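Comments concern the structure below.
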Amino acid sequence: MVSLPVFGFVSVHERPLADGIAAESGWMASAARTGRAAAHLWRGEPGLVVPRSCTTLPGWPAAAQAHRVRVRASGGGVVPQGPGLLNLSLVWRADTGATAGAPSGTEVIYRALCEGLASALARLGVVAAPQAVRGSFCDGRFNLAVAGRKLVGTAQSWRRVAGAPVVLAHAVIVVDADPQALTAAANAFERDLGSGRRYHAEALTSVALAWQQAHGRAPDADLASRLITALAERFAGLVAPRQFAA
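Using my numbering, read the sequence shown as starting at 3 and increasing by one per residue.
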């Protein structure tokens, strides 16, 4: 098993972040400046995060008017944000202190991230494994899937910030959002963009649906908070999660 850096604690943001992309840039700048690894669990405001490549298509002006979108510098595909979705952002400086021995290859980091996520989900009785899921939005080899349906999407970004190499490993978890609604939102954007891409709702699931399938009954109302606790305890190496109002 490959180990990620020691994050010490996980910051849990109680209120949705208005701009998750800007927040992640700030966390990366802090890691570059201090050399300390950081982990954050957060939700975004409703909308879509899209790669910069979308802005080069002829339909971009109309699509950007019709949908609430934010543009990220990295590649990939369309990613919904909003209620029922949870983000995990891990940032560390790759060349100093306790993080110097952290995994340095992109595939190695993806595998370590997926191992940690799968371990946290297993505490809820949800068995997930990395795989590509054809027909899902922002598909990739290092999705986590349950019974062939995507549950978690992952991404990774390497940047040189103030001369320091900084890694961002990111996951978006479908907690209890409706796969039909998420897929419809992504398809509506792609239609207005004129990209020709289409996604299929049956390629997607959620922690709530996977939990129900595993246990044979509807999940309890505290499923989301139990998931946050499992993730925070899995990725926090030293102390209990820190709660933030924003």
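Even for Gly, the Cβ is constructed at its ideal location relative to N, Cα and C.
Small disclaimer: the values here were computed from a predicted structure and weren't measured.
- request: Count the CB pairs spanning the segment 77-86 and the segment 160-169 that are closer than 8 Å, and state whether there are at least three.
  value: no
message: Helix, strand or coil, according to DSSP, for H217 in the structure here?
response: helix
field: Between the CA atoms of L87 and Q215 - distance to the nearest angstrom
entry: 19 Å
field: Other residues of its chain near R236: CB distance less than 7 Å, five sequence neighbours each side excluded
entry: G118, S121, A122
- prompt: So is R219 buried or exposed if we call it buried at 16+ other beta carbons inside 10 Å?
  reply: exposed
task: Counting only the same chain and skipping the five closest in sequence on each side, list residues whose C-beta sits under 6 Å from that of G107.
output: none
- prompt: Looking at the structure shown, is A149 part of a helix, part of a strand, or coil, going by DSSP?
  reply: coil
message: I need the DSSP call for G22, collapsed to helix, strand or coil.
response: helix
- prompt: Which whole-angstrom value describes the C-beta separation of A49 and R70, a residue pair presumed to lie in contact below a C-beta threshold of 8 Å?
  reply: Reading off the sequence shown, one finds Gly at residue 49, where the question assumed Ala. Between R70 and G49 the Cβ distance is about 4 Å, and since that is below 8 Å, they are a contact.
query: According to the Cβ coordinates, are L225 and A171 closer than 8 Å?
result: no
task: Let me know the beta strand (DSSP E) ranges lying completely inside the segment 125-183, each 3 residues or longer, listed in chain order.
output: 146-148, 151-163, 166-176
task: Closer than 7 Å by C-beta to P181: which residues in its own chain qualify, once you throw out the five before and the five after it? Chain order, please.
output: A203, L206, T207, S208
- request: May I ask you to report which of helix, strand or coil DSSP gives V80?
  value: coil
- prompt: Any idea what DSSP makes of L43, helix, strand or coil?
  reply: strand
message: Here's a check: name, in chain order, each residue in its chain whose Cβ is nearer than 7 Å to the Cβ of L211, leaving out the five neighbours to either side.
response: none
- request: Please look up how many angstroms separate the CB atoms of N145 and Q133, rounded, as I've assumed it's under 8 Å.
  value: 6 Å
- request: Give the range of the beta strand (DSSP E) segment to which L233 is assigned.
  value: First-last for L233: 225-237, but that is the alpha helix (DSSP H), not the beta strand (DSSP E).
query: Looking only at its own chain, which residues have a Cβ that is under 6 Å from the Cβ of R125, when we skip the five neighbours before and after it?
result: A232
field: Contact set for G99: own chain, Cβ-Cβ below 7 Å, skip 5 residues either direction
entry: Reliability of the predicted coordinates at G99 is poor, the pLDDT of 46 falling under 50, and the value obtained from them is presented with this limitation in mind. Closer than 7 Å at Cβ, skipping near neighbours: G37.
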